[in-house]
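S.K.:
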Amino acid sequence: MTGRQKLIGSICTLLGASLLAFVLGVIAPGDPALEVLSMNGLNEPTEAEIAAKREELGLNLPIWKQYMHWLGMVLQGDLGVSYITQQSVSAELIQRLPITLSLACGALAFAIGFGIPGGIILAMFHNRWIDYAGRAWITIWTAVPSFLNAILFIIVFSEILHWLPTSGYGTWQHFIMPSIVLGLGTSAVLMRLTRAAVLDILPQQYIVTARAKGIHMFILMLRHVLLNAFIPLITVIGNYFGGILGGAVIAEVIFSLPGIGRFAVEGIFRRDYPVMQGYVLFMACVYVLFNTVVDILYGLIHPQLRRSEVLK
Numbered sequence: 128m129t130g131r132q133k134l135i136g137s138i139c140t141l142l143g144a145s146l147l148a149f150v151l152g153v154i155a156p157g158d159p160a161l162e163v164l165s166m167n168g169l170n171e172p173t174e175a176e177i178a179a180k181r182e183e184l185g186l187n188l189p190i191w192k193q194y195m196h197w198l199g200m201v202l203q204g205d206l207g208v209s210y211i212t213q214q215s216v217s218a219e220l221i222q223r224l225p226i227t228l229s230l231a232c233g234a235l236a237f238a239i240g241f242g243i244p245g246g247i248i249l250a251m252f253h254n255r256w257i258d259y260a261g262r263a264w265i266t267i268w269t270a271v272p273s274f275l276n277a278i279l280f281i282i283v284f285s286e287i288l289h290w291l292p293t294s295g296y297g298t299w300q301h302f303i304m305p306s307i308v309l310g311l312g313t314s315a316v317l318m319r320l321t322r323a324a325v326l327d328i329l330p331q332q333y334i335v336t337a338r339a340k341g342i343h344m345f346i347l348m349l350r351h352v353l354l355n356a357f358i359p360l361i362t363v364i365g366n367y368f369g370g371i372l373g374g375a376v377i378a379e380v381i382f383s384l385p386g387i388g389r390f391a392v393e394g395i396f397r398r399d400y401p402v403m404q405g406y407v408l409f410m411a412c413v414y415v416l417f418n419t420v421v422d423i424l425y426g427l428i429h430p431q432l433r434r435s436e437v438l439k
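For the sequence shown, the numbering used here gives the first residue as 128, with consecutive numbering after it.
1) Could you tell me which residues DSSP pairs with residue 352 in its beta bridges?
2) Quick check on DSSP: helix, strand or coil for residue 215?
3) Quick one: measure Cβ to Cβ for residue 367 and residue 321, integer angstroms, because I've assumed they're closer than 8 Å.
4) Taking 7 Å as the limit between beta carbons, can you name the residues of its chain near residue 224, skipping five residues before and five after?
5) For residue 305, I'd like the list of residues in its chain whose CB is within less than 7 Å of its CB, leaving aside the five on either flank, ordered along the chain.
6) Tell me the rounded alpha-carbon separation between residue 247 and residue 359.
7) Identify which residue in 327, 372 and 343 has its Cα closest to the Cα of residue 357.
8) Considering only the alpha carbon of each residue, which of 373, 161 and 135 lies closest to residue 273?
9) Going by alpha carbons, who is nearest to residue 412 out of 220, 191, 208 and 156?
10) What is the rounded straight-line gap between the Cα of residue 325 and the Cα of residue 370?
11) Which whole-angstrom value is the C-beta distance of residue 416 and residue 144, which I expect to be below 8 Å?
12) For the alpha helix (DSSP H) containing residue 333, name the first residue and the last one.
13) Hey, could you find the ends of the alpha helix (DSSP H) residue 389 is sitting in?
14) Apply the 10 Å Cβ neighbour rule to residue 418 and answer buried if 16 or more other Cβ atoms are within range, or exposed otherwise.
15) Return the residue from the list 262, 264 and 303 that minimises the CA-CA distance to residue 281.
16) List the DSSP bridge partners of residue 376.
17) Apart from the five residues just before and just after residue 375, which ones in its own chain have a Cβ nearer than 7 Å to its Cβ?
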């Protein structure tokens, strides 16, 4: 796929996401005007007050005009104003983004640091007890949902051992449990994929020849096996980072972290449609951005792989 095709695909993805975000706000149950009036203390507003608030919010316009007006604001970097907080949605998301990014980066670091070395070890001890135990570990952690992991970790490491705080944020200790909980599933996937990739490479003739020449296994793994095995993992890591950002909502709610995921959940419960729409569109932008970064990294690493193949 050429760069122009990728750009067109990214633009179409974002336009589709903007339409989806807007439609979700339109078809969601409840009346935003009534919700805003209730939050302002008018529990039984009159029809005239509801109509006035709908006009103030622009909800009396035809749907297509509402969408075009909203899209025009989005193109200027304005995601609207929260019905509840009366603050800019863009500002609210930016304010909470560092917390979610810290959580997601911690989860990805755990997944990579635990999954890739683990997969290499399982491949090196293929069909031995370590391999069997590791494959059982992979099966368990890919099957158990994150919220159950969170409950288990809270019981063990907070309630029983008293090692880590249960909720809140402010210190690095508050991010340990949420990051591990969020990264466990991804680490299991990376472990399985790394194991499979290394097992595909180890029987190659150049690897067998190098081992016969007495090249140390550590050097062989570092110079040849890991470079070849890492190529298919790049796309997986990039895609899963977007998934981790989206899945951070579970960890943020359970561990009371004020990130963008928890902000979106609060917006859903309060029928704060600009928050819901802004979150969906923001996550779509993040997903497209990380896919672009993955493509760039793939292009940078692939020539190195081709050069290493020539040197062999």
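Note that beta-carbon positions come from the ideal geometry of N, C-alpha and C, so glycine has one too.
M.R.: According to the structure data:
1) For the purposes of this step, residue 352 is identified with residue 225 of the sequence shown, where counting begins at 1. Residue 352 is not bridged to any residue.
2) Counting from one through the sequence shown, the residue named residue 215 turns up at place 88. Of the three classes helix, strand and coil, the one that applies to residue 215 here is strand, per DSSP.
3) Taking the first residue of the sequence shown as position 1, residue 367 is located at position 240. Taking the first residue of the sequence shown as position 1, residue 321 is located at position 194. Actually they are not in contact, since the Cβ atoms of residue 367 and residue 321 sit about 13 Å apart, beyond 8 Å.
4) The sequence position of residue 224 within the sequence shown is 97, counting from 1. 387, listed in sequence order.
5) What you label residue 305 is simply residue 178 of the sequence shown in a count that begins at 1. So the list reads 230, 378, 382 and 384, once near-sequence residues are dropped.
6) Taking the first residue of the sequence shown as position 1, residue 247 is located at position 120. Taking the first residue of the sequence shown as position 1, residue 359 is located at position 232. Approximately 14 Å between the Cα atoms of the pair.
7) Start at 1 with the first residue of the sequence shown, and residue 357 comes out as number 230. Nearest option by C-alpha distance: 327.
8) Residue 273 sits at position 146 when you count from the first residue of the sequence shown. Of 373, 161 and 135, the residue nearest in Cα terms is 373.
9) Within the sequence shown, residue 412 is the residue found at index 285, counting from 1. Among 220, 191, 208 and 156, the Cα nearest to that of residue 412 is on 220.
10) Counting from one through the sequence shown, the residue named residue 325 turns up at place 198. Counting from one through the sequence shown, the residue named residue 370 turns up at place 243. Their backbone Cα atoms lie some 25 Å apart in a straight line.
11) Numbered from its first residue, the sequence shown carries residue 416 at position 289. Numbered from its first residue, the sequence shown carries residue 144 at position 17. Not confirmed; about 12 Å, so no contact.
12) Counted from its first residue, the sequence shown places residue 333 at position 206. That run of the alpha helix (DSSP H) goes 332–339.
13) For this step, residue 389 is matched to residue 262 along the sequence shown. Counting along the chain, the alpha helix (DSSP H) containing residue 389 begins and ends at 387–396.
14) Position 291 of the sequence shown holds residue 418. With 16 or more other Cβ atoms within 10 Å, it is buried.
15) Residue numbering aside, residue 281 sits at position 154 when the sequence shown is read from its first letter. Closest by alpha carbon: 303.
16) Start at 1 with the first residue of the sequence shown, and residue 376 comes out as number 249. None, per the DSSP bridge assignment.
17) By 1-based counting over the sequence shown, the position of residue 375 is 248. 227, 230, 231, 309, 386 and 388, listed in sequence order.
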